[in-house]
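Asker:
Protein chains in written order, with our numbering: chain A, 10 to 514; chain P, 13 to 332; chain S, 784 to 1097.
1) Evaluate contact between the segment 213-229 of chain P and the segment 116-130 of chain P, counting only Cβ atoms and requiring at least three cross-stretch pairs below 8 Å.
2) Report buried or exposed for residue 92(A), applying the criterion of at least 16 other Cβ atoms within 10 angstroms of its Cβ.
3) What does residue 905(S) touch in chain B if you count any residue whose Cβ is under 9 Å from its own?
4) Short check: CB of residue 47(A) to CB of residue 216(A), under 8 Å?
5) Starting from the C-beta of residue 312(P), find all residues in its chain whose C-beta is less than 6 Å away, skip the five residues before and the five after it, and write them out in chain order.
6) Is residue 317(A) close to chain S, meaning its C-beta is less than 8 Å from at least one C-beta of that chain?
7) Could you list the residues in the segment 190-208 of chain P with a C-beta less than 8 Å from some C-beta on chain A, going in chain order?
8) With a floor of 4 residues, list each alpha helix (DSSP H) that falls wholly inside the segment 803-859 of chain S, ordered by position along the chain.
9) Please classify residue 291(A) as buried or exposed, where buried requires at least 16 other C-beta atoms within 10 Å of its C-beta.
10) Determine the contact status of residue 1025(S) and residue 795(S), defining contact as a CB-CB distance below 8 Å.
11) From what residue to what residue does the beta strand (DSSP E) around residue 484(A) run?
12) What does residue 27(A) touch in chain P if you count any residue whose Cβ is under 7 Å from its own?
13) Take residue 235(P) and list the residues in its own chain whose beta-carbon comes closer than 6 Å to its own, dropping the five residues that flank it on each side.
14) Flag this pair as yes or no: are the beta carbons of residue 227(A) and residue 251(A) separated by less than 8 Å?
15) Is it buried or exposed, residue 172(A), if we count other Cβ atoms within 10 angstroms and call 16 or more buried?
16) Going by beta carbon distance, what residues of the same chain come within less than 8 Å of residue 785(S), once the five residues before and after it are set aside?
17) How many Å lie between residue 294(A) and residue 318(A) at the Cα?
18) I'd like the span of the alpha helix (DSSP H) that includes residue 413(A), first residue to last.
19) Under DSSP, the beta strand (DSSP E) around residue 269(P) begins and ends at which residues?
20) With a threshold of 8 Å between beta-carbons, can residue 969(S) be considered close to chain A, or not?
21) Please work out which residues of its chain come closer than 7 Å, Cβ to Cβ, to residue 50(A), disregarding the five sequence neighbours upstream and downstream, and give them in chain order.
22) I need the straight-line Cα distance from residue 353(A) to residue 205(A), nearest angstrom please.
23) Could you tell me which chain A residues have their CB closer than 9 Å to the CB of residue 789(S), listed as they occur along the chain?
24) If residue 405(A) sits next to residue 438(A), beta carbons under 8 Å apart, how far is it from one beta carbon to the other, in whole angstroms?
25) Can you have a look at residue 923(S) and say buried or exposed, based on whether 16 or more other CB atoms are within 10 angstroms of its CB?
26) Give the DSSP-derived three-state secondary structure of residue 510(A) in the structure shown.
27) My parser needs the alpha helix (DSSP H) runs of 4 or more residues fully inside the segment 299-383 of chain A; what are they?
28) Would residue 1049(S) pass as a contact of residue 792(S) if the rule is Cβ separation under 8 Å?
29) With a Cβ-Cβ cutoff of 8 Å, do residue 1004(S) and residue 836(S) count as a contact?
30) Establish whether the CB of residue 60(P) and some CB of chain S are separated by less than 8 Å.
31) Listed from N- to C-terminal order along the chain, which residues in the segment 938-966 of chain S have their beta-carbon within a distance smaller than 8 Å of any beta-carbon of chain A?
32) Note the first and the last residue of the continuous beta strand (DSSP E) segment covering residue 48(A).
33) Return the CA-CA distance between residue 822(S) and residue 79(P), expressed in angstroms with no decimal places.
34) Taking 8 Å as the cut-off, decide whether the C-beta atoms of residue 838(S) and residue 995(S) are in contact.
35) Keeping to the same chain, check which residues put their C-beta closer than 6 Å to that of residue 8(A); ignore five residues upstream and five downstream.
36) Roughly how many angstroms lie between the CA atoms of residue 868(S) and residue 1068(S), to the nearest whole one?
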């Protein structure tokens, strides 16, 4: 690890505002050549914004970036690339309709608009081979690749640019453990040759394996920077969250296995992506759906509100066999299912419309409700403490967490008997999370049946009475009571049998 | 080869359809597959073909160009002044015609990029301006194009229609090399995912500007070739070409959502559309029923293309 | 209705006032009641088409079948009247409206079920209608005539105002109320902004698309009937010159071509503005060429003004 006097990258008093939201607030940050610098923080802590500033995708509202000690203004990704600042984005930067080869050509350092000679293609192919992507065809369309394959191509594309500073933003989230190890070897090699690496990950063991130095972010501010090993897991979590995990979640009441069943699904199967899933959600229960991304749990939730064609299996609502063919049928008062989709910006809300209009949109189609009645929404809005400057303002003016509150209030206005949520706390600040947990718990106490898909296993443990873990379309473990432990969930997620081990705190 | 066919399914289908239609046409034509028949056919096809190329460049970057016909009318009127006299003069004249088209396209591009107005609306307005300028040049149809030049461009080379030679040059001399340049790839990147293109370090403004300028260049080429075929200037030709150029690119497998399709597909779509029209003429279908059949075939072809969505198992997929 | 009045939708009205005063400086007769009421009468034809187009554009789509829905309904209604049969004469207007609604539903099927881009599908429908018209009329101007009712709708006066204008305004106000007071209007705009999120909110989005295109088809058909009444006959391609001015009227009225944003109030102004602009340019005996150029430049300037103003706010 080198400790030259001028850092490769220095950020001074950086602030980034989106309307009323402060994504970053007066951040100082330094990154040195030849070290792996891990950046930790909850979703919404400002990590991704930080990376986008360095990559030239966004420009700071206030503050200064310096490269090698001199001020720079990165008005576009091209400018960042010229300084050797290369980002491998979490939201993939590959063009879906072009082939792998064409994507690599586009990203090549001297691409320009003229004849493409293919400089760097050999290097990229070499990198792909080293990280287990040798079978990826150069002529394949990116849209036809799997998510892990796309990540491998992204990594190759980033490395072929010969970065001085390489940002890996959740770069390995979809890769298997053996491939991740290969990527890490490559990253260490890059580091040893003097490249600075900024590494963002949610997986502690990856930080453990790779990082030299760690910075923790919370609510748009850098909390602390320290050498790896200076703090233990629990202390880091405290820094990230600002409070202890137990304080986040409301107290869990004793399970009620005997309450009447609200939603009973038997042998649900669809297109090889959901395989023979059966489960029951009872009044007052919160049932979790776990698993890695894309193991069928998301499709299963969609199927319940009638989004999937040609699915097999039976569904009963409050004991009545029911066929639900569309979200319109699902929200009808006789069924009263509410589905909170995963992507609030494109699926949950209409960003250009006002908060009020968004709130009303679901209730409008219900003959038993008056969508214009403010009382429908008041309870949920108050309890979730929606911060807004007026309900007539566009919903896009709200921060992510407040937007999610609008989505919740919009559906709670229908008084659903069963609430289906697809990862409702992804990318949301801690305070909002606590509020969402509290309202879910309260709804359950009042008798609502809740099915909660989550990628955060703390939620599955602390909030849920029972958790079904998906792997490759099927439920591989149904955990409840004392079996509902991190070890068991992680083991089930990877579809291996749990090994007795100490909690990694 | 198989790989090529799989990844360019749309162009391959369009090509097969075109060959089938052409065989039917030559089979039913009373004079058979003579050079004369082929030449007339190829000339008609190439006019729309070049217009479709112009439309392609707008569509591939997720835009649309409603001024294609107007650019043709304008350049046609310019051509009716400058394609007479010495060989050198006519050479400059041809350059001037295409340059006029390029200027129109550049103007579209500048307003779209810097005025931040939707291409469909911008080109709707500029189309009116271009037709106006064309009318200033030729209030009534007139002017002339040198007959030797026109003949050289619209007859045949060693029995092969010149229009087909030009088509081949457009594909092999321009498109295939162009596809391998940064600009060529950039067009697709921008149309397929502006976000990804931007993050990959592509200058999206420049690429969009270039795309509309290229649309203007091909609009100019279409106007130029139209001038060779008709040998006069007429400001009133714009109406049919714009809408037909959109139909042609869609038939040729170019997606209006951008990023998918090729110049070859656009050409094939135009040739298909014109071949259907010619086929009708000799097919024995009552002439009054021909426009209806043309419309039905167009609608059926497009509807079949759309039938893919009926197979989507996840209802959210169709909202992409 | 009041809520939909934005500066964008007021712009064409400023334009109209400006045109009238600037024009009257050269031609005082522009300020005469005769001239102005005649403009209201003529604006109604474009205005009805633009009303339907606004509904479809709010939805985030476009209807390029306007020209031949208009021509087709004109041919249909004049042919029915031409039979001389009183029952058929009476049915001329309802039949034309039904025809417009039917074509609208066909447009809707392509767009909502087959998911074909509306620009392409309505274009194909337009060329099928052209084919049908040619087959039916032999490519000549169809025989037949307009009924007294149709004549009155197009050229009659009531309380000093043209009936065509009153019909147009009545339909606009009725539709505007329909848009603001029923969920349909909300669904329409929501789909224009984000169809997926609207569908997931439990809205039957295909029904909304069908209804919108059917309304647009009926507006085009009514425009055709009244235009036939105005000309006492139907003629080939009578709708073609209306397509682009229709879209221009909607966009100048502040409705976003991307959908969701805008409304009928602005469209009324847009139709008035374009009708008046065309008329004044021809009163001033500016030749066709300059008329086209000025027309295009003014539309561009108004659009640039809209976006630049937004740029300044943001």
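Ideal Cβ positions, reconstructed from N, Cα and C, are used throughout, including at glycine.
Answerer: This is what the structure gives:
1) yes
2) Here residue 92(A) corresponds to residue number 83 of the first chain, with the count starting at 1. Answer is buried; the Cβ neighbour count reaches 16.
3) The structure shown contains no chain B; its protein chains are A, P and S.
4) Mapped onto the first chain, residue 47(A) falls at position 38. Mapped onto the first chain, residue 216(A) falls at position 207. Closer than 8 Å, so yes.
5) The residue labelled residue 312(P) in the question sits at position 300 within the second chain. No residues qualify anywhere along the chain.
6) Looking up residue 317(A) in the first chain gives position 308. So no, residue 317(A) is outside the interface.
7) 192, 193, 194, 195, 197, 198, 200, 201, 203, 204, 205, 207, 208
8) 816-841
9) Against the first chain, residue 291(A) aligns to sequence position 282. The residue is buried, with at least 16 neighbouring Cβ atoms inside 10 Å.
10) Walking along the third chain from the start, residue 1025(S) turns up at place 242. Walking along the third chain from the start, residue 795(S) turns up at place 12. No.
11) Working through the first chain from its first residue, we reach residue 484(A) at position 475. Its beta strand (DSSP E) spans residues 483-489.
12) Counted from its first residue, the first chain places residue 27(A) at position 18. The contacting residues do not exist; residue 27(A) stays about 17 Å from chain P at best.
13) Start at 1 with the first residue of the second chain, and residue 235(P) comes out as number 223. These residues qualify, in order along the chain: 84, 87, 88.
14) Numbered from its first residue, the first chain carries residue 227(A) at position 218. Numbered from its first residue, the first chain carries residue 251(A) at position 242. Going by C-beta atoms, residue 227(A) is nearer than 8 Å to residue 251(A).
15) Working through the first chain from its first residue, we reach residue 172(A) at position 163. Counting Cβ neighbours within 10 Å, residue 172(A) comes out buried, since at least 16 surround it.
16) Within the third chain, numbered from 1, the residue matching residue 785(S) stands at position 2. The pLDDT assigned to residue 785(S) is 43, lower than 50, so where the model puts this residue is not dependable; a value taken from the coordinates is nonetheless given after this. Answer for residue 785(S): no residue qualifies.
17) Counted from its first residue, the first chain places residue 294(A) at position 285. Counted from its first residue, the first chain places residue 318(A) at position 309. Roughly 28 Å between the two C-alpha positions.
18) Stepping through the first chain from its first residue, residue 413(A) is reached at position 404. It spans 409-421 - the alpha helix (DSSP H) in which residue 413(A) sits, taken as one unbroken run.
19) Residue 269(P) sits at position 257 when you count from the first residue of the second chain. Run containing residue 269(P): none; DSSP gives neither H nor E here.
20) Within the third chain, numbered from 1, the residue matching residue 969(S) stands at position 186. So, interface residue.
21) Numbered from its first residue, the first chain carries residue 50(A) at position 41. So the qualifying residues of the chain are 56, 225, 226, 227, 249.
22) Your numbering for residue 353(A) matches position 344 in the first chain. Your numbering for residue 205(A) matches position 196 in the first chain. Straight-line Cα distance between these residues: approximately 35 Å.
23) Here residue 789(S) refers to the residue found at position 6 of the third chain. Correct list: empty, because the minimum Cβ distance to chain A is about 14 Å.
24) Within the first chain, the letter at position 396 stands for residue 405(A). Within the first chain, the letter at position 429 stands for residue 438(A). Going by Cβ atoms, the distance from residue 405(A) to residue 438(A) rounds to 17 Å, so no, they are not a contact pair.
25) Start at 1 with the first residue of the third chain, and residue 923(S) comes out as number 140. By the neighbour-count rule (16 or more Cβ atoms within 10 Å), residue 923(S) is not buried but exposed.
26) Within the first chain, the letter at position 501 stands for residue 510(A). For residue 510(A), the pLDDT reaches just 44, beneath the cut-off of 50, and the residue's location in the model is therefore unreliable, leaving the point undetermined.
27) 306-313, 336-340, 364-372
28) Residue mapping note: residue 1049(S) aligns to position 266 of the third chain, counting from 1. Residue mapping note: residue 792(S) aligns to position 9 of the third chain, counting from 1. Result yes, Cβ atoms of residue 1049(S) and residue 792(S) sit closer than 8 Å.
29) Walking along the third chain from the start, residue 1004(S) turns up at place 221. Walking along the third chain from the start, residue 836(S) turns up at place 53. Their beta carbons are not under 8 Å apart, which means residue 1004(S) does not touch residue 836(S) by this criterion.
30) Start at 1 with the first residue of the second chain, and residue 60(P) comes out as number 48. Residue 60(P) does not count as touching chain S.
31) 966
32) Residue mapping note: residue 48(A) aligns to position 39 of the first chain, counting from 1. Here the beta strand (DSSP E) through residue 48(A) covers 45-50.
33) Residue 822(S) sits at position 39 when you count from the first residue of the third chain. Residue 79(P) sits at position 67 when you count from the first residue of the second chain. The straight-line gap from Cα to Cα measures roughly 29 Å.
34) As a working note, residue 838(S) is residue 55 in the third chain. As a working note, residue 995(S) is residue 212 in the third chain. A contact, by the Cβ cut-off of 8 Å.
35) Outside the displayed span of chain A (10 to 514) sits residue 8(A), for which this structure offers no information.
36) What you label residue 868(S) is simply residue 85 of the third chain in a count that begins at 1. What you label residue 1068(S) is simply residue 285 of the third chain in a count that begins at 1. Whole-angstrom Cα-Cα distance: 44 Å.
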